[in-house]
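Undergrad: So that we are looking at the same thing, I have put the structure below in structure tokens.
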Amino acid sequence: MDDAFEASGWHQVAITFTDRHTAERIAVRHLRPALLREQAAGRIAGWFFVRKTPAWRLRYRPATPDTAAHLARVLDELVAGGHAVGWSTGIYEPEVTAFGGAEGMAVAHDLFAHDSHHVLDHLARPADPDKATLGRRELAVLLASVLLRGAGLDWYEQGDVWARLARHRPASPAVPPLPPERRRTLAAATHRLMTVDAGPGSRLAVRDPAADLVGWAGGFERAGRDLADLAACGTLERGLRAILTHHLIFFWNRLGLPFADQAILATLGKEVVMAEDDIDVVAPSPQHDAGAAPANDAATHHAEREAATARLRDTLVDRLRASGAVRSDAVQAAMRTVPRHLFLPGVDVADAYADEPVYTKQDSAGVSISAASQPTIVAMMLEQLDVRPGDRILEIGAGTGYNAALLAHLAGARGQVTTIDVDDDIVVGARRNLTAAGRADVTVVLGDGALGAPDGGPFDRVIATVGAFDAPPAWLDQAAPHARLVLPIRLRGAVARSIAFDHHDGVWRSHSIEMCSFMPLRGIGDDPRRIAALTADGDVSVQLYREHTTDPAALLGVLDQPGTEAWTGVLFAAPESFEWLDLWLTCTLDGGLTRMPTTPRAVESGLVSPQFGWGAMAAVEKDSLAYLTLRPAPRATDGTTMNEVGVIAHGPDHDDLARHVATEIQRWNRDHRARDVHIDMHPGTPSAGQVVLDRQHNPLTVTWA
């Protein structure tokens, strides 16, 4: 049997990364495109991966004698570009017995390859804050249930598999148990996911066709059916339910589901089936020594929960410190002290301390209009604001109240924090969360943020946690003479920057400029955004703003029109940011630079060749469009991977538009790449600047010096 598997031709390489988060990011951005290219070129017959933190084990079947050499070059480039620590070859030893023998292992390999492809496709999809999509947990339950149903298991047989899985993935006593209301909510959601239809024509498939859920689920259903057929004819060397349990363990590994989530979901799945009328999901109680008094159980569990939560918070801050988002001791202390999870009721504690935004409110159309910002962005803006003890602070955009609590901690007992929001329910929620966190030193005001809080000024610090196109006069009028403003301003197109302004001689001059993206201000300072589909299936779209006069309908099908490629000769190192090129282009192109999100399907079909995994930055002029692309360039002398920037344009004016964008890229590279950028805000008439961005109230000038 071992000889048979050696002859089957599966090879293995182990790729080592610095940590699991980096591993996934690099796998999506760099490894996935390389594997798809090798497969399309006919050099790889199939591939799949297993996560073994901090390494990934990649298994592949070569289709040509030079496959290993081609893959070695790909992996060498990952290491040379600083994306991986190293890689090595190894011997693949499949778990033949665990998956039911040789024929069961063949079914497993088919599912491994099918699912690995879809997992990386899913992770590569651009995040769309305006659309609710299935996350890892939802997919973990839904696709697991498709597999079990495909194998012909009845409801209680499925429950037995969930019970087996729960034994393999027990909850840790250090993890806080789920609150009763949260348990009930999760149990109901789990039941829906275990029974929902994911087939062609289903609501899930229709709601999000770009996710290819039908194709993804089809592989799981097929694997379940094949295993059931093998079991029926007596071919399997292990029980069907035991094999299915093993498949779910491997599936959740590929999906990157944290162990704590695996424990919760496995227990939920078991309890949904076995105890539908009395679902109770708790971490198992620790065993007491004989004669020990259990009277202090509640206090013990509370202390354990608090300790576990503090560890999660400290881990997050440690990462922010290591990344450079947290630089000062003051911001570090605030983020270690203020409990973010108390401002996100109903959200798992582990999710509350992930470095991810949490979307908290949608409008009637399902568009997200409020969120708890990503902790990295929160820390970055706090560092920009540089709060001092005793400061009076105005925050525009109350959100969950978390940011206001951090500001209050930084300002201290002598300080004063006022936060304002336009929505009554957000204000009520922020007040409730602040009370739960013991912060009685924040004033939460219901009102239009563009009007500020005139009764509370003058303010030493003004910060907006919502995006703005123009700084309303009230914010400047209510600022003290020595104040600092930190404002996330959309400059033009989709390019926004968080700018820290200080006041000098009647002008607000930039102290620091950072990349950011925020929900837009609502009220009299509203800054609307439109989405224009470039393809009928929605696989490629572009974001349009007030400065775009193009009719969105005119752009539909533009990618099918004649196109032009223009290569610039401008090189970027693999890890180098494009933020300063983006800033130049958004300042010099009439409509600025905007975002063109794409799906993996659009890329794999050859319809588009965007610069990033999520899509590309693009320029729209009338009914023509140009977007940025990359191609490999010779390595730098130190071995760094280099890419050349190019432009691809479509539409009636594709030649002129491609040439214009390429020329601006070359001009930036030649004359401005090495210069510092300053952005000043001028109440009234702006003074001379290289670029003037007109605004109704406070124009901006951008200068390269």
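In the numbering used here, the protein residues as written are 223 to 927.
Don't be surprised by glycine CBs; every beta carbon is placed ideally from N, CA and C.
#1: Assign residue 415 to one of three DSSP states: helix, strand, or coil.
#2: Any idea which residues DSSP pairs residue 793 with across the strands?
#3: Hey, quick one: how far does the alpha helix (DSSP H) through residue 444 stretch, first residue to last?
#4: Starting from residue 902, follow the beta strand (DSSP E) in both directions and report where the run begins and ends.
#5: For residue 916, which three-state DSSP category applies?
#6: Which residues bound the alpha helix (DSSP H) around residue 826?
#7: Output the distance between the C-alpha atoms of residue 299 and residue 666, rounded to the nearest integer angstrom.
#8: Starting from the N-terminal side, write out each stretch of the alpha helix (DSSP H) that is 4 residues or longer and does not extend beyond the segment 675-753.
#9: Should residue 772 and residue 845 be called a contact, given that it needs their Cβ atoms to be closer than 8 Å?
#10: For residue 482 and residue 613, what's the separation of their Cα atoms in angstroms?
#11: Are the CB atoms of residue 777 and residue 764 nearer to each other than 8 Å?
#12: If you pair each beta-carbon of the segment 448-457 with each one of the segment 396-409, do three or more pairs fall below 8 Å?
#13: Taking Cβ to Cβ, would you say residue 629 is nearer than 8 Å to residue 644?
#14: Thinking just about the alpha-carbon of each residue, which of 827, 883 and 529 is nearest to the one in residue 807?
#15: Residues in its own chain within less than 7 Å of residue 276 by CB, not counting five upstream and five downstream?
#16: Over what stretch of residues does the beta strand (DSSP E) that includes residue 643 continue unbroken?
#17: Is the beta carbon of residue 285 sitting closer than 8 Å to the one on residue 248?
#18: Just tell me which of 478, 331 and 444 has its CA closest to the CA of residue 357.
#19: Can you tell me whether residue 822 is buried or exposed, with buried defined as 16 or more other CB within 10 angstroms of its CB?
#20: Which residue from 346, 566 and 596 puts its Cα closest to that of residue 253?
#21: From the DSSP output, read off the bridge partner residues of residue 274.
#22: So who's on the other strand from residue 838, going by DSSP bridges?
#23: Using 8 Å as the threshold, is the segment 616-625 in touch with the segment 652-664, meaning 3 or more CB pairs across them?
#24: DSSP on residue 378, reduced to helix/strand/coil?
#25: Between 660, 659, 664 and 646, which has its C-alpha nearest residue 638's C-alpha?
#26: Do you know how far the Cα of residue 596 is from the Cα of residue 603?
#27: Run the CB neighbour count on residue 378, radius 10 Å, all protein chains shown included, and call it buried at 16 or more, exposed below.
#28: Using the Cα positions of residue 646 and residue 337, report the straight-line distance between them to the nearest angstrom.
#29: With contact counted as at least three CB pairs below 8 Å, one residue from each stretch, are the segment 387-395 and the segment 435-446 in contact?
#30: According to DSSP, simplified to helix, strand and coil, what is residue 469?
#31: Identify the continuous beta strand (DSSP E) that holds residue 237 and give its terminal residues.
#32: Report the three-state DSSP secondary structure of residue 287 (helix, strand or coil).
#33: Which one or two residues does DSSP pair with residue 755 in a beta bridge?
#34: The beta strand (DSSP E) spanning residue 850 covers which residue range?
#35: For residue 809, which residues from the same chain have a beta carbon less than 6 Å from its beta carbon, with the 5 sequence-adjacent residues on both sides left out?
#36: Which residue from 634, 804 and 599 puts its Cα closest to that of residue 720?
TA: In brief:
#1: Against the sequence shown, residue 415 aligns to sequence position 193. The answer is helix: DSSP assigns residue 415 an H, G or I state.
#2: Position 571 of the sequence shown, counting from 1, holds the residue named residue 793. Looking at the DSSP assignment, residue 793 forms a beta bridge with 866.
#3: On the sequence shown, residue 444 is found 222 positions in, with the first residue counted as 1. Start and end: 435-454.
#4: Position 680 of the sequence shown, counting from 1, holds the residue named residue 902. Start and end: 899-903.
#5: As a working mapping, residue 916 is identified with position 694 in the sequence shown. Note: residue 916 maps to coil in three-state DSSP.
#6: What you label residue 826 is simply residue 604 of the sequence shown in a count that begins at 1. 822-826 is the extent of the alpha helix (DSSP H) around residue 826.
#7: As a first step, residue 299 must be located in the sequence shown, where it is residue number 77. As a first step, residue 666 must be located in the sequence shown, where it is residue number 444. About 52 Å.
#8: 695-699
#9: Numbered from its first residue, the sequence shown carries residue 772 at position 550. Numbered from its first residue, the sequence shown carries residue 845 at position 623. Result yes, Cβ atoms of residue 772 and residue 845 sit closer than 8 Å.
#10: Within the sequence shown, residue 482 is the residue found at index 260, counting from 1. Within the sequence shown, residue 613 is the residue found at index 391, counting from 1. If I take the Cα positions, the gap works out to 41 Å.
#11: Within the sequence shown, the letter at position 555 stands for residue 777. Within the sequence shown, the letter at position 542 stands for residue 764. For residue 777 and residue 764, yes; Cβs fall inside 8 Å.
#12: no
#13: As a first step, residue 629 must be located in the sequence shown, where it is residue number 407. As a first step, residue 644 must be located in the sequence shown, where it is residue number 422. Cβ atoms of residue 629 and residue 644: not closer than 8 Å.
#14: Locating residue 807 in the sequence shown gives position 585, where the first residue counts as 1. The shortest Cα separation from residue 807 among 827, 883 and 529 belongs to 883.
#15: Within the sequence shown, residue 276 is the residue found at index 54, counting from 1. So the list reads 238, 239, 240, 241, 242 and 245, once near-sequence residues are dropped.
#16: Counted from its first residue, the sequence shown places residue 643 at position 421. Per DSSP, residue 643 belongs to the beta strand (DSSP E) from 638-643.
#17: As a first step, residue 285 must be located in the sequence shown, where it is residue number 63. As a first step, residue 248 must be located in the sequence shown, where it is residue number 26. No, Cβ-Cβ distance for residue 285 and residue 248 is not below 8 Å.
#18: Counted from its first residue, the sequence shown places residue 357 at position 135. That would be 478, whose Cα lies nearest to the Cα of residue 357.
#19: For this step, residue 822 is matched to residue 600 along the sequence shown. Classification for residue 822: buried.
#20: As a working mapping, residue 253 is identified with position 31 in the sequence shown. Comparing Cα positions, the closest option is 346.
#21: Taking the first residue of the sequence shown as 1, we reach residue 274 at position 52. For residue 274, which the question treats as bridged, DSSP gives the partners 277.
#22: Indexing the sequence shown from 1 puts residue 838 at position 616. Partner(s): 818.
#23: yes
#24: Here residue 378 is taken as the residue at index 156 of the sequence shown, counted from 1. If DSSP states are grouped into helix, strand and coil, residue 378 belongs with the helices.
#25: Numbered from 1 along the sequence shown, position 416 holds the residue referred to as residue 638. Ranking the options by Cα distance to residue 638, first place goes to 664.
#26: To locate residue 603, count along the sequence shown from 1; it is residue 381. To locate residue 596, count along the sequence shown from 1; it is residue 374. Going from the Cα of residue 603 to the Cα of residue 596 covers about 11 Å.
#27: Walking along the sequence shown from the start, residue 378 turns up at place 156. So residue 378 ends up on the exposed side.
#28: Translated into the one-based positions of the sequence shown, residue 646 becomes position 424. Translated into the one-based positions of the sequence shown, residue 337 becomes position 115. So the two alpha carbons sit approximately 44 Å from each other.
#29: no
#30: Position 247 of the sequence shown, counted from the first residue, corresponds to residue 469. In this structure, residue 469 counts as helix in the three-state DSSP scheme.
#31: Translated into the one-based positions of the sequence shown, residue 237 becomes position 15. That run of the beta strand (DSSP E) goes 233-238.
#32: By 1-based counting over the sequence shown, the position of residue 287 is 65. Coil, per DSSP.
#33: Counted from its first residue, the sequence shown places residue 755 at position 533. Per DSSP, 763.
#34: Indexing the sequence shown from 1 puts residue 850 at position 628. Residue 850 -> beta strand (DSSP E) spans 846-855.
#35: On the sequence shown, position 587 is the one that residue 809 refers to. So the qualifying residues of the chain are 913 and 924.
#36: Translated into the one-based positions of the sequence shown, residue 720 becomes position 498. Minimum Cα distance to residue 720 is reached at 599.
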